[in-house]
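The opening residue of the sequence shown carries number 0 in numbering that gives the first Met the number 0; numbering runs sequentially from there. Glycine is no exception: its CB is placed at the ideal position from the N, C-alpha and C atoms. Data block below; observations after.
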Amino acid sequence: MHPTITLSAGFSRFERGGSPCKPFQWFIRRLEKPLKLLNHSTFVCALPRQGVHENFRWRALVLWLLGLTFPLFATETRPLSTNAGRPAGNLAELQAGIAAHISRPRFAAAAWGAKVVSLDTGKGLYEHNAGKLLKPASNAKLFTGALALDRLGPDYRIKTSCCAAGKPDGEGTLHSDLIIYGRGDPSFAARFNGGDSGKSLDPLVTTLVAAGIKRIEGDLVGDESFFRGPPFGSSWTWDDLQNYYGAEVSALSQEDNVVDLVFKSGAKAGDPCVIVSKPETDFLAFINRAKTAGKGGQREINLYRPLPQNTVYISGSLPVGTNWTDAVSVHNPALWFVTRLKAALEKRGIAVAGKLRSVNWLDRQAQPLDFSRLMEVASIESRPVSELVNKMMKSSQNLYAQLLLLQVGARSEKSDHEAKTTEEAGIAELNRFARDAGVRRGELLFDEGSGLSRSALVTPEAIVQLLAFMSRHRCTEVFRDALPIAGVDGSLRNRMNGTAGEKNVRAKTGTIGHVHSLSGYVTTAAGEHLAFSLMLNAYDDAGHSVKDDLDPIPVMLAGFKGRSDKP
Numbered sequence: 000m001h002p003t004i005t006l007s008a009g010f011s012r013f014e015r016g017g018s019p020c021k022p023f024q025w026f027i028r029r030l031e032k033p034l035k036l037l038n039h040s041t042f043v044c045a046l047p048r049q050g051v052h053e054n055f056r057w058r059a060l061v062l063w064l065l066g067l068t069f070p071l072f073a074t075e076t077r078p079l080s081t082n083a084g085r086p087a088g089n090l091a092e093l094q095a096g097i098a099a100h101i102s103r104p105r106f107a108a109a110a111w112g113a114k115v116v117s118l119d120t121g122k123g124l125y126e127h128n129a130g131k132l133l134k135p136a137s138n139a140k141l142f143t144g145a146l147a148l149d150r151l152g153p154d155y156r157i158k159t160s161c162c163a164a165g166k167p168d169g170e171g172t173l174h175s176d177l178i179i180y181g182r183g184d185p186s187f188a189a190r191f192n193g194g195d196s197g198k199s200l201d202p203l204v205t206t207l208v209a210a211g212i213k214r215i216e217g218d219l220v221g222d223e224s225f226f227r228g229p230p231f232g233s234s235w236t237w238d239d240l241q242n243y244y245g246a247e248v249s250a251l252s253q254e255d256n257v258v259d260l261v262f263k264s265g266a267k268a269g270d271p272c273v274i275v276s277k278p279e280t281d282f283l284a285f286i287n288r289a290k291t292a293g294k295g296g297q298r299e300i301n302l303y304r305p306l307p308q309n310t311v312y313i314s315g316s317l318p319v320g321t322n323w324t325d326a327v328s329v330h331n332p333a334l335w336f337v338t339r340l341k342a343a344l345e346k347r348g349i350a351v352a353g354k355l356r357s358v359n360w361l362d363r364q365a366q367p368l369d370f371s372r373l374m375e376v377a378s379i380e381s382r383p384v385s386e387l388v389n390k391m392m393k394s395s396q397n398l399y400a401q402l403l404l405l406q407v408g409a410r411s412e413k414s415d416h417e418a419k420t421t422e423e424a425g426i427a428e429l430n431r432f433a434r435d436a437g438v439r440r441g442e443l444l445f446d447e448g449s450g451l452s453r454s455a456l457v458t459p460e461a462i463v464q465l466l467a468f469m470s471r472h473r474c475t476e477v478f479r480d481a482l483p484i485a486g487v488d489g490s491l492r493n494r495m496n497g498t499a500g501e502k503n504v505r506a507k508t509g510t511i512g513h514v515h516s517l518s519g520y521v522t523t524a525a526g527e528h529l530a531f532s533l534m535l536n537a538y539d540d541a542g543h544s545v546k547d548d549l550d551p552i553p554v555m556l557a558g559f560k561g562r563s564d565k566p
C-alpha cells in the first residue's frame with residue numbers, strides 16, 4: 000500500500016473528498032495529479048485553527064505546498080543531460096543509477112524492459128523485466144541482419160536475370176519479350192551509387208549492351224514472381240504504406256521503391272507550389288493543390304496516395320521563400336522498374352517496340368515461367384550481403400530488411416512445405432536461427448523482418464542473447480560494423496554527442512508509435528565489453544526526446560569505472 004501524504008497546517012483534518020471550503024477543494028484537485036506522480040494513492044490535509052487570520056493561513060499553506068511540489072516540476076520539465084551525474088564507481092552505484100532513471104515519474108504508465116550483460120565475464124550487470132515480451136520496433140532488424148549473415152553469408156550476392164526466347168539476331172534485334180527476372184536485389188538505388196539515382200540502372204543497361212541487344216521487338220517485362228505473398232510485411236498498418244518506410248516489397252525493386260519530393264514556394268502568395276521529384280519520373284501523377292502563403296504563413300505539405308494507385312494528391316501551403324522535402328512510395332515497383340529501365344535503354348540507343356508489363360507470383364500460378372524455354376541473355380549481381388546488411392542497419396531501412404528475410408525464405412521454402420508464402424518460410428528459418436543462437440522458445444514472436452509490424456514481440460533477454468551470440472560469430476566484425484555508432488553515423492549520428500557514449504556505443508535504434516528501443520554494444524571506462532537492450536513501450540511524452548529517455552543508460556554504461564565481477 001502506498002503511504003498517505005498529510006498536509007498539515009493546524010488541527011482539523013479531512014480526507015480527500017471532504018468539503019472545508021470550495022477554494023481549497025479546487026487547490027487539492029489541481030495538486031492531485033502531481034502527487035499521484037509520486038505514486039501516492041491518497042493524501043489528507045489538516046486545516047489551520049479557525050482563530051488564525053484567514054490570509055495568513057492560506058499564504059502559509061500555499062508556500063508550504065509549493066515547497067513540496069516545486070522540486071517535482073523542476074526535475075521533470077528540464078531536459079535530462081546525458082552528462083548528468085558522476086560516473087558509477089561500482090556495480091551497486093550503476094544499478095542504482097539505472098533504476099533511478101527508469102523509475103522517473105514520467106515513465107509511471109509505461110512498460111520498461113532492460114538487460115545488461117558482460118561479454119567478458121558472462122555476468123549480468125542489470126535487468127528489469129528482462130523476460131517480458133515487448134514490441135521491438137526496428138530492433139527486430141538485429142535478428143534479420145544476423146540471420147542474413149549466418150544463412151546467406153557476408154559474400155553472397157543476389158542475381159537479377161535478363162531472359163528471352165533466344166539471342167538477338169545479327170543486327171542486334173531481340174525478336175521476343177525481354178523478361179527482367181528479379182530475386183530481391185535492393186542495390187539498384189542511389190545510396191549504392193554515390194547518391195546519383197541516374198546511375199542506379201547503368202550496370203544493368205551495360206550488361207544488355209554487352210549482350211549485343213540494340214532493339215527489343217517484344218515487351219519489356221518486370222517479373223517479381225520470385226517471392227510468393229503480398230507486397231507488404233505482415234501486420235504493417237495501412238497508414239504507413241504511402242510513406243517511404245512502408246514501401247511495397249518486390250523482387251524487382253529500385254530506388255527503395257520511393258520517389259523523393261522537394262516542394263518550393265511560388266514567387267508570391269497564391270501561386271501554386273512547385274514540385275521536383277527525384278528521380279525524375281512520370282510514373283506518378285501529381286494533383287497539386289498546395290499554394291504559396293505570405294511570409295509567416297502556415298508551412299505544411301500533406302500527401303495522399305490511394306494505395307492501389309500512383310496518383311498523389313498534394314495540399315497545404317508554404318510561405319514565400321521556403322521549401323519542404325518529403326517522399327512517397329510507389330505502387331507496383333516491378334512496373335516502375337521497367338519504366339525507368341526503358342528510359343535508360345533508350346539513352347543508350349536500345350529501342351523497345353513492345354509494351355511495359357509486370358508479372359507477380361499470382362500471375363505465374365496461372366502461367367508458370369518455363370526456364371527451359373528461355374535463355375539468360377544477360378545478368379547482374381547485387382552488392383554483397385555484408386554491404387546490404389550495413390545499409391539496412393545504419394539507416395534502418397525497412398524494405399532492405401524485408402528483402403533479406405525473403406531472400407532467406409526463398410532459399411529455404413522448397414524444404415519447408417508448410418510455408419504458404421516466402422515470408423512465412425523466412426520467419427520459420429528465423430525461428431530456427433534464434434534457437435541456434437540460444438534464444439528460448441516463446442521469447443521471439445515475429446511475423447516479418449523489419450519491426451514495422453505492430454504484432455512483433457521479443458524480450459530484452461532474447462536480444463542480449465543474440466548480441467552475445469553474434470559477438471562470437473564468424474561474422475562478428477561485419478555485424479558489429481553495421482550498427483550505428485553514437486555521434487558518428489546512421490540513426491545515432493546526432494545522439495550521445497559529447498558524452499562517454501560518443502564513438503563508443505554501437506547500437507540499433509527502434510521507433511514506432513509509443514515504442515522506443517536501443518540495443519547493442521558498449522565498452523566501459525574500465526575496458527569491459529557489454530551487450531545491452533533497452534525497450535520502452537506504451538509511452539509518449541512530448542516534453543522529452545528519445546535522447547532523454549534512452550540515451551542516459553548507455554552513457555552510464557560507457558562511464559562505468561567498476562567491473563561486473565566486483566560488487
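Classify residue i as helix, strand or coil using the three-state DSSP reduction.
i, result
"tyrosine 538", "coil"
"phenylalanine 559", "coil"
"serine 11", "For serine 11, the predicted structure reports a pLDDT of 32, less than 50, and the residue's modelled location is therefore unreliable. The matter cannot be settled from this model."
"tryptophan 25", "Reliability of the predicted coordinates at tryptophan 25 is poor, the pLDDT of 40 falling under 50, and the value obtained from them is presented with this limitation in mind. Reduced to three states, the DSSP call for tryptophan 25 is helix."
"arginine 339", "helix"
"phenylalanine 285", "strand"
"valine 545", "helix"
"arginine 214", "strand"
"lysine 565", "strand"
"alanine 268", "coil"
"methionine 495", "coil"
"alanine 333", "helix"
"leucine 173", "strand"
"glutamate 254", "helix"
"alanine 350", "strand"
"phenylalanine 231", "coil"
"glutamate 53", "Because the pLDDT at glutamate 53 is just 37, under 50, the model does not fix this residue reliably, and the point stays unresolved."
"glutamate 386", "helix"
"alanine 467", "helix"
"lysine 32", "Unreliable positioning characterises lysine 32 in this predicted model, as indicated by a pLDDT of 45, which lies under 50. The coordinate reading is nonetheless provided below. If DSSP states are grouped into helix, strand and coil, lysine 32 belongs with the helices."
Between which two residues does the alpha helix (DSSP H) containing residue i stretch?
i, result
"glutamate 223", "Counting along the chain, glutamate 223 falls outside any alpha helix (DSSP H), and DSSP gives it neither H nor E."
"tyrosine 399", "397 to 411"
"isoleucine 101", "90 to 101"
"alanine 365", "360 to 365"
"alanine 524", "It is not in any alpha helix (DSSP H) - alanine 524 carries neither H nor E in the DSSP assignment."
"glycine 144", "139 to 150"
"leucine 429", "421 to 435"
"glutamate 476", "475 to 481"
So residue i is in the beta strand (DSSP E); what residue range does that whole segment cover?
i, result
"aspartate 325", "322 to 328"
"valine 257", "257 to 263"
"alanine 188", "Taken as a continuous stretch (DSSP letters only), alanine 188 belongs to no beta strand (DSSP E), as it is neither H nor E."
"isoleucine 179", "177 to 180"
"threonine 310", "310 to 318"
"alanine 612", "In the structure as shown, the chain starts at 0 and stops at 566, and residue 612 therefore has no counterpart that could be examined."
"histidine 127", "123 to 127"
Using DSSP's beta-bridge definition, name the partner residues of residue i.
i, result
"leucine 533", "Ala113, Leu517"
"valine 457", "Leu133, Leu443"
"valine 273", "Lys263"
"lysine 294", "None, per the DSSP bridge assignment."
"threonine 508", "Leu517"
"leucine 355", "Leu219"
"isoleucine 300", "Gly315"
"lysine 158", "Glu380"
"isoleucine 484", "Arg505"
"methionine 392", "In DSSP, methionine 392 forms no bridge with anything."
"glutamate 375", "Cys162"
"alanine 108", "Answer is none; alanine 108 lacks a bridge partner."
Can you give the beta carbon distance from residue i to residue j, rounded, assuming they're within the 8 Å contact cut?
i, j, result
"asparagine 496", "lysine 134", "At roughly 28 Å, the Cβ-Cβ gap does not stay under 8 Å, so asparagine 496 and lysine 134 are not in contact."
"leucine 444", "leucine 456", "4 Å"
"glycine 232", "glutamate 447", "3 Å"
"serine 395", "serine 137", "5 Å"
"leucine 200", "phenylalanine 187", "6 Å"
"alanine 129", "threonine 458", "7 Å"
I'd like to confirm something about residue i: is its beta-carbon nearer than 8 Å to some heavy atom of the ligand MN, or not?
i, result
"glutamate 254", "With respect to the ligand MN, the structure offers nothing, as it holds no ligand at all."
Cβ contact (3+ pairs, closer than 8 Å) linking the region 453 to 473 and the region 512 to 523:
yes
The region 548 to 566 contacting the region 84 to 99, beta-carbon criterion three pairs below 8 Å
yes
Check whether the region 381 to 392 and the region 351 to 368 touch, using three or more Cβ-Cβ pairs below 8 Å as the test.
no
With contact counted as at least three CB pairs below 8 Å, one residue from each stretch, are the region 273 to 283 and the region 215 to 224 in contact?
no
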